[in-house]
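S.K.: Dumping the structure here so I can ask a few things about it.
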Amino acid sequence: MTREPDVNQELAAGHGLKPDEYQRILDLLGRTPTFTELGIFSAMWNEHCSYKSSKRWLRTLPTSGPQVIQGPGENAGVVDIGDGQAVIFKMESHNHPSYIEPYQGAATGVGGILRDVFTMGARPIAAMNALSFGDPSHPKTRSLVAGVVAGIGGYGNCFGVPTVGGEVRFHPAYNGNCLVNAFAAGLADTDSIFYSAASGVGTPVVYLGAKTGRDGVGGATMASAEFSDDAEKKRPTVQVGDPFTEKRLLEACLELMASGAVISIQDMGAAGLTCSAVEMGDKGNLGVELDLDRVPCREDGMTAYEMMLSESQERMLMVLKPAKEAEARAIFDKWDLDFAVVGHTIAEDRFLIKHGGETKADLPLKALSGTAPEYDRPWTETPPPPPLGPIPLTDPGEALTRLMGSPNFCSRAWVWRQYDHMVMADTVVRPGSDAAVVRVHGTRKALAFTSDVTPRYCKANPFEGGKQAVAEAYRNLSATGSRPLATTDNLNFGNPERPAIMGQFVRCVQGIGAACAALDMPIVSGNVSLYNETNGEAILPTPTIGAVGLMTSLDQIIPMAPGAGEVLVLLGVTRGHLGQSAYLWELRARAEGDAPPVDLDAERKAGELVRALKAQGLITAAHDLSDGGLAVAAAEMALAAGTGVTIEAHPALSPAEWFFGEDQARYLVACRPAATDAVLAAAGNAGVPARRVGATGGDTVALGASALPLVTLHEIHGTGFARMMGER
Amino acid sequence: MKARVYITLKNGVLDPQGAAIRHALGTLGFQGVEAVRQGKVIDLDLAETDRARAEASAKAMCEKLLANTIIENYRVEIL
Amino acid sequence: MKARVYITLKNGVLDPQGAAIRHALGTLGFQGVEAVRQGKVIDLDLAETDRARAEASAKAMCEKLLANTIIENYRVEIL
Amino acid sequence: MRTAVIVFPGSNCDRDMAVALTRATGRKTEMVWHKDTSLPRDTDMVALPGGFSFGDYLRCGAIAARAPIMRAVVDFANRGGLVLGVCNGFQILIEAGLLPGALMRNQTLKFVCSDVHLAVETTNSPFTSAYGNRRIITIPIAHHDGAYIADAGTLARLGDEDRVAFRYVDARGEPGPQANPNGSADNIAGVLSANRRVLGMMPHPERLADPALGGTDGALLFRSLVESHATV
Ligand SMILES: Nc1ncnc2c1ncn2[C@@H]1O[C@H](COP(=O)(O)OP(=O)(O)O)[C@@H](O)[C@H]1O
Ligand SMILES: [Mg+2]
Chain R
0 MTREPDVNQE LAAGHGLKPD EYQRILDLLG RTPTFTELGI FSAMWNEHCS YKSSKRWLRT
60 LPTSGPQVIQ GPGENAGVVD IGDGQAVIFK MESHNHPSYI EPYQGAATGV GGILRDVFTM
120 GARPIAAMNA LSFGDPSHPK TRSLVAGVVA GIGGYGNCFG VPTVGGEVRF HPAYNGNCLV
180 NAFAAGLADT DSIFYSAASG VGTPVVYLGA KTGRDGVGGA TMASAEFSDD AEKKRPTVQV
240 GDPFTEKRLL EACLELMASG AVISIQDMGA AGLTCSAVEM GDKGNLGVEL DLDRVPCRED
300 GMTAYEMMLS ESQERMLMVL KPAKEAEARA IFDKWDLDFA VVGHTIAEDR FLIKHGGETK
360 ADLPLKALSG TAPEYDRPWT ETPPPPPLGP IPLTDPGEAL TRLMGSPNFC SRAWVWRQYD
420 HMVMADTVVR PGSDAAVVRV HGTRKALAFT SDVTPRYCKA NPFEGGKQAV AEAYRNLSAT
480 GSRPLATTDN LNFGNPERPA IMGQFVRCVQ GIGAACAALD MPIVSGNVSL YNETNGEAIL
540 PTPTIGAVGL MTSLDQIIPM APGAGEVLVL LGVTRGHLGQ SAYLWELRAR AEGDAPPVDL
600 DAERKAGELV RALKAQGLIT AAHDLSDGGL AVAAAEMALA AGTGVTIEAH PALSPAEWFF
660 GEDQARYLVA CRPAATDAVL AAAGNAGVPA RRVGATGGDT VALGASALPL VTLHEIHGTG
720 FARMMGER
Chain B
0 MKARVYITLK NGVLDPQGAA IRHALGTLGF QGVEAVRQGK VIDLDLAETD RARAEASAKA
60 MCEKLLANTI IENYRVEIL
Chain H
0 MKARVYITLK NGVLDPQGAA IRHALGTLGF QGVEAVRQGK VIDLDLAETD RARAEASAKA
60 MCEKLLANTI IENYRVEIL
Chain U
0 MRTAVIVFPG SNCDRDMAVA LTRATGRKTE MVWHKDTSLP RDTDMVALPG GFSFGDYLRC
60 GAIAARAPIM RAVVDFANRG GLVLGVCNGF QILIEAGLLP GALMRNQTLK FVCSDVHLAV
120 ETTNSPFTSA YGNRRIITIP IAHHDGAYIA DAGTLARLGD EDRVAFRYVD ARGEPGPQAN
180 PNGSADNIAG VLSANRRVLG MMPHPERLAD PALGGTDGAL LFRSLVESHA TV
């Protein structure tokens with residue numbers, strides 16, 4: 000066996016441990032750690048696993064409610080959907096790996112989040128992906144888009160989960176750091192949910208799934224380090240995903256869980272064996288002893304250090320009922336997957352790693368996570384953005400044409416056509432609507448899924464931006480007719496050691512917390528990705544919100560497409576807020592003014608009104624307003640329906656303010672003419688301002704005096720993505 | 000000029016495809032297949048008649064499109 | 000013993016992938032790429048130590064699984 | 000009618016297919032594991048579902064076509080049994096030699112998931128008889144390797160023997176490149192065996208066989224099977 004390097008402060012620094020953190024290790028152990036131990040500490044104490052910069056703030060989020068069965072802290076959150084069933088979901092980033100190798104990075108991101116969900120005993124039923132890329136004209140952007148989308152499809156399609164939603168945005172702030180946030184949701188019975196806490200002394204710890212290779216050794220450390228231009232050199236650590244193995248792992252795990260053999264289970268993610276074993280022991284107040292000679296390896300001569308840090312995909316760790324070992328082995332044989340007893344639980348608080356007859360690590364297990372550093376990093380308030388300058392006069396029709404064909408507003412069909420969004424035959428509302436709707440198999444119930452954030456707002460005003468991300472998710476869920484249930488988040492920010500960035504983080508989290516509390520959508524899981532910077536240039540603060548809504552009957556679904564000859568009613572207040580609007584950014588590259596303020600009470604009233612209008616049979620269609628305002632919402636409804644719309648001009652507001660203002664808490668709903676008065680009356684009773692703003696029909700989209708043919712819009716919107724990709 | 004490009008996975012990079020083929024060969028009764036790695040071969044017909052230039056151009060194609068140099072090696076052969 | 004198997008499409012069999020690669024090379028500015036055909040190379044590590052037997056066995060693998068002999072040719076090389 | 004769905008590792012439309020078959024036949028579908036060597040007794044119809052059997056590694060359907068159960072499926076087909084292969088199932092049928100031609104990577108090189116229009120080219124089969132004069136139908140596709148190719152002789156024979164079951168067309172029923180989602184020869188989306196009792200098709204009829212999912216054109220295929228079985 001090759002001699003291991005001497006451990007000292009310099010080597011610790013190479014592992015991303017700061018001098019005071021290394022000192023903490025020395026104090027804790029009363030001796031110098033071994034090389035393997037150092038690797039274990041570096042994995043456990045990096046930002047990715049320990050949440051050392053964010054924990055303090057995450058604790059402030061609302062995480063409970065009558066619907067919540069399991070909040071943050073497990074592999075995924077668990078939420079009651081009635082009838083003894085639960086939806087289990089989470090979102091997670093794979094930003095840095097995707098920047099380095101877009102296909103595999105994105106693919107393994109999908110693999111990781113699916114594992115988080117089925118580890119809990121749930122069969123995945125829906126996936127989403129929230130993607131942020133650099134400027135479309137940046138030389139790397141197209142290949143990143145192509146690779147990431149192909150990777151997400153390649154993994155999800157093969158695995159067999161419908162990928163039903165997401166977001167794609169482009170902004171130069173992501174030129175050196177794309178974001179790939181993957182969401183997955185699964186379904187389980189509330190009485191058969193599995194957790195990670197081990198129990199029982201001397202119970203076998205079992206390794207399942209794919210073999211261990213040197214994949215991503217050092218990856219957990221990489222995910223928490225800022226990028227520099229030599230990121231390319233870090234490439235050999237790229238992991239390759241194997242969705243075929245993951246699919247078999249899913250089936251084998253669900254079979255095993257059904258057999259009653261599983262005491263606890265934990266997937267192996269970043270620093271796989273280390274984090275999963277520690278987690279199981281820590282939660283169960285037990286020690287763990289591992290014999291690495293028994294770990295199935297793909298490569299020769301792997302060291303303890305490499306095995307403990309390997310990020311090979313498609314692996315699980317389980318604690319099994321001793322009497323069921325043979326049964327469990329048979330299930331894994333059936334699926335041709337590796338199965339090995341690699342250790343057992345012990346009574347003492349120890350994490351004992353043996354390899355080749357030597358003890359490679361002997362650490363206090365609880366202290367590994369329990370004494371992980373936690374920082375209250377200094378932060379500063381975000382200064383107000385530059386004031387809103389004069390608003391350019393652009394013909395509304397022309398402005399709409401430019402917006403609808405732009406990379407940020409054109410149809411995402413180019414993306415979702417590469418995703419199997421119908422497998423499992425329960426996708427009731429497909430991608431392209433406000434939220435996707437997936438039926439709960441074998442029932443008339445359904446779940447709605449959406450993913451939202453407007454990073455421009457978060458940059459200008461992190462608190463309102465954080466609120467807005469949740470509010471928009473709430474709106475998307477409501478516009479499809481579902482009742483928002485709960486939320487997951489993926490908080491993507493720059494370097495938290497910079498007070499300005501930490502300030503963005505703190506304020507966004509506070510905004511998210513306020514909105515989740517007010518809208519009754521507790522956070523049940525989430526993920527933090529920091530250090531998204533290249534050469535000191537941070538991304539826009541991007542706290543992606545994934546949210547799930549429930550419909551107790553498919554009859555509650557509200558389509559986005561109105562019929563012809565219907566009346567359009569705008570719900571909510573329009574003041575003509577153009578600060579940080581798409582109108583200014585997409586048309587003039589100006590990011591000015593404050594982000595739109597979010598009135599959470601108004602959001603709630605408007606959302607409840609939309610659901611009530613549907614329940615009373617008063618509306619035929621609904622769509623929420625978000626960036627791009629009334630004009631974009633009207634155009635999207637027209638495109639969905641294949642029928643024209645007319646929106647009248649506003650007597651007081653300028654065309655820019657009226658058609659393109661981004662005031663929040665608004666919906667555009669359609670109703671039959673005869674129902675108009677009833678809709679307006681119901682809105683009045685609910686305390687939601689409402690006004691008739693137009694009608695459907697014809698073959699143009701008319702904004703006041705300015706009209707453009709629907710076919711033109713259809714063409715521009717439909718081909719925008721392919722044009723951006725250089726395919727047309 | 001004809002060029003042949005070989006693209007193979009770098010050492011240590013997981014090859015799920017190769018592993019599945021190996022397994023399938025086992026089920027079909029082929030014993031003693033210890034490892035399988037799958038790669039690509041791409042045959043190019045180039046208008047270029049100069050050998051060195053053809054080779055340089057094929058290599059550029061590998062870098063830009065044909066190979067994923069993060070996980071794959073390539074080799075160009077001028078036939 | 001190491002064996003390398005080359006699998007290529009038969010002449011006349013349409014190769015959409017090759018065609019698409021050719022097109023993509025064109026868009027990337029590579030001129031004069033007249034034809035592209037894509038095939039596979041499969042590297043086998045065999046326990047067999049006899050050359051002839053290794054070759055026979057690799058060929059049998061091609062016939063039974065590795066190649067679709069309706070549309071593909073194969074060639075085995077013992078290294 | 001007794002139906003069976005073969006489950007390969009990596010199959011992922013096996014449940015969807017079973018749901019559609021059970022709904023059409025009113026009888027529970029048997030799920031058969033690929034390592035089995037025989038079909039359940041009295042099976043009337045076998046379905047090879049969509050998905051990524053064996054990860055689609057090597058060639059789509061290649062490894063599955065050599066799984067132990069396939070010997071029984073081939074025997075069953077040779078005895079005149081009804082076999083339906085959808086998507087990956089179609090690829091497996093081809094690799095198993097039960098249908099001619101090959102399925103290659105889509106011309107765009109991209110996976111494509113979308114509704115497509117199909118022309119029902121023949122109602123003279125146990126899979127298509129219920130379509131009657133409904134010639135243009137909508138069914139989703141979801142595949143990466145669906146470009147059907149065959150040599151000229153085979154294509155001519157398929158035409159002469161009325162063995163093209165479905166073709167990709169546009170909304171007006173016109174075939175042509177604008178309606179071809181993957182580069183298939185002659186826009187072929189599904190083909191029948193010589194005895195017309197084996198059908199392979201890339202589109203997924205099981206995905207549009209339930210009004211809640213936005214259409215029921217796929218259900219007619221399953222109804223055809225049930226009706227033709229009842230009249231035997
Ligand atoms: N990466 C993606 N994958 C799948 N669907 C996507 C993706 N990006 C966007 N979509 C879908 O496109 C539609 C429009 O997206 P977006 O403009 O972000 O919606 P909204 O403004 O309603 O939040 C939504 O249905 C969304 O789910
Ligand atoms: Mg929306």
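Protein chains in written order, with numbering that gives the first Met the number 0: chain R, 0 to 727; chain B, 0 to 78; chain H, 0 to 78; chain U, 0 to 231.
Backbone N, C-alpha and C fix where the C-beta goes; we use that ideal spot for every residue, glycine too.
None of these values were measured; they are calculated from a predicted model.
(1) Short check: CB of threonine 442 of chain R to CB of alanine 435 of chain R, under 9 Å?
(2) Can you tell me where the alpha helix (DSSP H) with glutamine 663 of chain R in it begins and where it stops?
(3) Following the continuous alpha helix (DSSP H) through cysteine 274 of chain R, name the residue where it begins and the one where it ends.
(4) Grouping DSSP H, G and I as helix and E and B as strand, with all else coil, what is histidine 713 of chain R?
(5) Measuring straight from C-alpha to C-alpha, what distance separates phenylalanine 793 of chain R and alanine 184 of chain R?
(6) Does DSSP classify tryptophan 32 of chain U as helix, strand or coil?
(7) Among R:Ser97, R:Lys323 and R:Tyr456, whose alpha-carbon lies nearest the alpha-carbon of proline 596 of chain R?
(8) For alanine 61 of chain U, go through chain H and note every residue whose CB falls closer than 9 Å to its CB, in chain order.
(9) Tell whether a beta-carbon distance below 9 Å holds between histidine 228 of chain U and methionine 0 of chain U.
(10) Can you confirm whether the segment 280–294 of chain R touches the segment 344–353 of chain R when touching is taken to mean that 3 or more C-beta pairs between the two stretches lie within less than 8 Å?
(11) Okay, do the segment 666–683 of chain R and the segment 364–378 of chain R touch, 3+ Cβ pairs below 8 Å being the bar?
(12) What residues from chain B crowd round lysine 58 of chain H, counting only those whose CB sits closer than 8 Å?
(13) Suppose only complete runs of 3+ residues qualify. What are the beta strand (DSSP E) ranges in the segment 482–509 of chain R, listed by chain order?
(14) How would you write the range of the alpha helix (DSSP H) that tyrosine 154 of chain R sits in, first residue to last?
(15) Closer than 8 Å, Cβ to any Cβ of chain H: which residues of the segment 37–50 of chain B, in chain order?
(16) Whose C-beta lies closer than 8 Å to the C-beta of serine 223 of chain R among residues of the same chain, with five residues either side of it excluded?
(17) Please report whether the beta-carbon of lysine 333 of chain R lies at a distance below 9 Å from any beta-carbon of chain U.
(18) Taking Cβ positions only, does tyrosine 418 of chain R come closer than 9 Å to chain D?
(19) CB-CB under 7 Å to proline 729 of chain R, same chain, minus the five flanking residues each way: which ones, in chain order?
(20) Give a yes or no on whether the minimum CB-CB distance between phenylalanine 243 of chain R and chain B is below 9 Å.
(21) Threshold first: 3 residues or longer. Then list the beta strand (DSSP E) segments lying entirely within the segment 114–141 of chain R, N to C.
(22) Quick one: what's got a C-beta closer than 6 Å to alanine 251 of chain R's C-beta in the same chain, skipping five residues either side?
(23) Taking the alpha-carbon of aspartate 451 of chain R as reference, which of R:Gly717, R:Pro540, R:Val428 and R:Ala187 has the nearest alpha-carbon?
(24) How would you list, in chain order, the residues of chain B whose beta-carbon sits under 8 Å from the beta-carbon of valine 237 of chain R?
(25) Whose C-beta lies closer than 6 Å to the C-beta of valine 32 of chain H among residues of the same chain, with five residues either side of it excluded?
(26) Glycine 218 of chain R to glutamate 310 of chain R, Cα distance in whole Å?
(27) Cβ of threonine 121 of chain U within 9 Å of Cβ of arginine 162 of chain U?
(28) Tell me the rounded alpha-carbon separation between arginine 156 of chain U and asparagine 186 of chain U.
(29) When the cut-off is 9 Å and only beta carbons count, does phenylalanine 89 of chain U lie next to chain B?
(30) Are the beta-carbon atoms belonging to tyrosine 418 of chain R and glycine 152 of chain R less than 9 Å from one another?
(31) Counting only Cβ-Cβ distances shorter than 8 Å, please list the residues of the segment 103–114 of chain U near chain R, keeping chain order.
(32) Using a Cβ cut-off of 8 Å, pull out every chain R residue sitting near alanine 23 of chain B, in sequence order please.
(33) Ligand 4 and threonine 695 of chain R: does the residue's C-beta get closer than 8 Å to at least one heavy atom of that ligand?
(34) Where do the N-terminal and C-terminal ends of the beta strand (DSSP E) with leucine 608 of chain R fall, by residue?
(35) Around the C-beta of aspartate 228 of chain R, are 16 or more other C-beta atoms found within 10 angstroms, so that it is buried, or is it exposed?
(36) With a threshold of 9 Å between beta carbons, is glycine 84 of chain U in contact with chain H?
M.R.: Reading from the atomic positions:
(1) When the beta-carbon positions are compared, threonine 442 of chain R and alanine 435 of chain R stay at least 9 Å from each other.
(2) From DSSP, glutamine 663 of chain R is part of no alpha helix (DSSP H); its letter is neither H nor E.
(3) Where cysteine 274 of chain R is concerned, the enclosing alpha helix (DSSP H) stretches over 271–283.
(4) Residue state for histidine 713 of chain R is assigned as helix, using DSSP reduced to three classes.
(5) The structure shown does not extend to residue 793 of chain R, since chain R spans only 0 to 727, so no value can be given for it.
(6) Collapsing the DSSP output to three states places tryptophan 32 of chain U in a strand.
(7) Residue R:Tyr456 is the option with its Cα nearest to proline 596 of chain R.
(8) Neighbours of alanine 61 of chain U on chain H, chain order: Leu64, Leu65 and Asn67.
(9) Note that the C-beta distance between histidine 228 of chain U and methionine 0 of chain U is below 9 Å.
(10) Between the segment 344–353 of chain R and the segment 280–294 of chain R there are three or more inter-stretch CB-CB distances shorter than 8 Å, so the stretches are counted as touching.
(11) Taking 8 Å as the limit for Cβ pairs, the verdict is that the segment 364–378 of chain R does not touch the segment 666–683 of chain R.
(12) Those do not exist, as lysine 58 of chain H stays about 11 Å from chain B at its closest Cβ, beyond 8 Å.
(13) As far as the segment 482–509 of chain R is concerned, its whole beta strand (DSSP E) runs of at least 3 residues are 482–491.
(14) Counting along the chain, tyrosine 154 of chain R sits inside the alpha helix (DSSP H) bounded by residues 140–158.
(15) For the segment 37–50 of chain B, the set of residues with a beta-carbon nearer than 8 Å to any beta-carbon of chain H comprises Gln37, Gly38, Lys39, Val40, Ile41, Asp42, Leu43, Asp44, Leu45, Ala46 and Glu47, in chain order.
(16) The predicted position of serine 223 of chain R is uncertain, since its pLDDT is 43 and thus under 50; a value taken from the coordinates is nonetheless stated next. Same-chain partners within the cutoff: Gly15, Asn45, Glu46, His47, Leu529 and Tyr530.
(17) It does: the Cβ of lysine 333 of chain R has a partner Cβ on chain U nearer than 9 Å.
(18) The displayed structure is made up of protein chains R, B, H and U, and chain D is not among them.
(19) The structure shown does not extend to residue 729 of chain R, since chain R spans only 0 to 727, so no value can be given for it.
(20) Closer than 9 Å to some Cβ of chain B, the Cβ of phenylalanine 243 of chain R qualifies, so yes.
(21) For the segment 114–141 of chain R, whole beta strand (DSSP E) runs of length 3 or above, ordered along the chain, are 122–132.
(22) Ile330, Phe331, Trp334 and Leu336.
(23) Ranking R:Gly717, R:Pro540, R:Val428 and R:Ala187 by Cα distance to aspartate 451 of chain R puts R:Pro540 first.
(24) Chain B residues near valine 237 of chain R: Val12, Ile69 and Ile70.
(25) Sequence-distant Cβ neighbours of valine 32 of chain H in its own chain, meaning closer than 6 Å and more than five residues away, are Arg21 and Leu24.
(26) Unreliable placement is indicated for glycine 218 of chain R, whose pLDDT of 47 sits below 50; no coordinate value is reported for it.
(27) Yes, the Cβ-Cβ distance between threonine 121 of chain U and arginine 162 of chain U is below 9 Å.
(28) Those two C-alpha atoms are separated by around 15 Å.
(29) Closer than 9 Å: no.
(30) Taking a C-beta distance under 9 Å as the contact criterion, tyrosine 418 of chain R and glycine 152 of chain R qualify as a contact pair.
(31) Answer in chain order: Lys109, Phe110, Val111, Cys112 and Ser113.
(32) Those within 8 Å of alanine 23 of chain B in chain R number zero; the least Cβ separation is about 10 Å.
(33) Because ligand 4 does not appear in the structure shown, any question about it cannot be addressed here, the ligands present being ligand 1 and ligand 2.
(34) From DSSP, leucine 608 of chain R is part of no beta strand (DSSP E) but of the alpha helix (DSSP H) over 599–614.
(35) Low confidence applies to aspartate 228 of chain R: its pLDDT is 45, below 50, so where it sits in the model is not reliable, and the reading given next is rough at best. With fewer than 16 Cβ atoms within 10 Å of its Cβ, aspartate 228 of chain R is classed as exposed.
(36) At a cut-off of 9 Å between beta carbons, glycine 84 of chain U makes no contact with chain H.
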